[in-house]
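In the numbering used here, the protein residues as written are 207 to 449. Note that the Cβ used here is the ideal one computed from N, Cα and C, for glycine as well.
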């Protein structure tokens, strides 16, 4: 049983952790929502590529100078094709922070959903501290070498595609840092749950609400089926009695 004298301290600890975690989680959600607009850009890039291929057009625009980031002095079908590849990678990478918070990422779940909210909070804290954050920071640190080399060498496409490839490669460490910050925000959020039992992490609330909503939909559908078949059964019984 929890000592009542510790209740104010636990509540204060939960409030502090919540205050530390909320901006980090909010940042991850904002980045994820902003990145989602890249889906529209990818669709437009694919449509442009298909249309220009069908028309046999290779060069869309050529302005000679000055150089424009990523495109240089011209936009060609090769640069648009490369752009859609890289945009998809950026969408997947930066969307990871949103998937992490909304709990929509792929997981192999054997025991997690059977645990209490506090048990899930402990699992999330340990998983983020031991695996996710170290992995993100390690890959981000290792990838900075490739970004630096790309910038120093002026790396660009060999087929008239995109230039300034260091900008594309810089998305890898940047996206992983955002993911690590989102995981850190979840750690504070889960610590707030452990400090103050009255709290529940927002994403767990959302998940439980969605589960309850799905269960309610199933119950409503079953009730509707029962109501629909009941008059028919009553009518069949009346017909048998009449005979």
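- A contact is defined here as three or more CB-CB pairs under 8 Å, and the segment 386 to 401 fails this definition with respect to the segment 289 to 298.
- Annotation: the continuous alpha helix (DSSP H) that includes residue 346 extends over 339 to 359.
- DSSP places residue 396 in the uninterrupted alpha helix (DSSP H) bounded by 377 to 401.
- For residue 373, same chain residues with a beta-carbon under 7 Å away, outside a window of 5 residues either side, are 275 and 276 in chain order.
- Per DSSP, the continuous alpha helix (DSSP H) segment holding residue 327 begins and ends at 323 to 333.
- According to the DSSP secondary-structure assignment, residue 288 is paired through a beta bridge with no residue.
- Beyond the five residues adjoining it in sequence on each side, residue 269 comes within less than 8 Å, by CB distance, of 279 and 280 in the same chain, given in chain order.
- Of the residues 350, 312, 362 and 323, the one whose Cα lies closest to the Cα of residue 401 is 323.
- In the structure shown, residue 278 falls within a strand segment according to DSSP collapsed to helix, strand and coil.
- If you look at residue 248, you'll find it in the alpha helix (DSSP H) that goes 244 to 261.
- Rounded to whole angstroms, residue 241 and residue 375 show a C-alpha spacing of 17 Å.
- In the displayed model, residue 267 falls within a strand according to three-state DSSP.
- For residue 304, the enclosing alpha helix (DSSP H) begins and ends at 302 to 308.
- If you check the CB distance, residue 386 and residue 339 come in under 8 Å.
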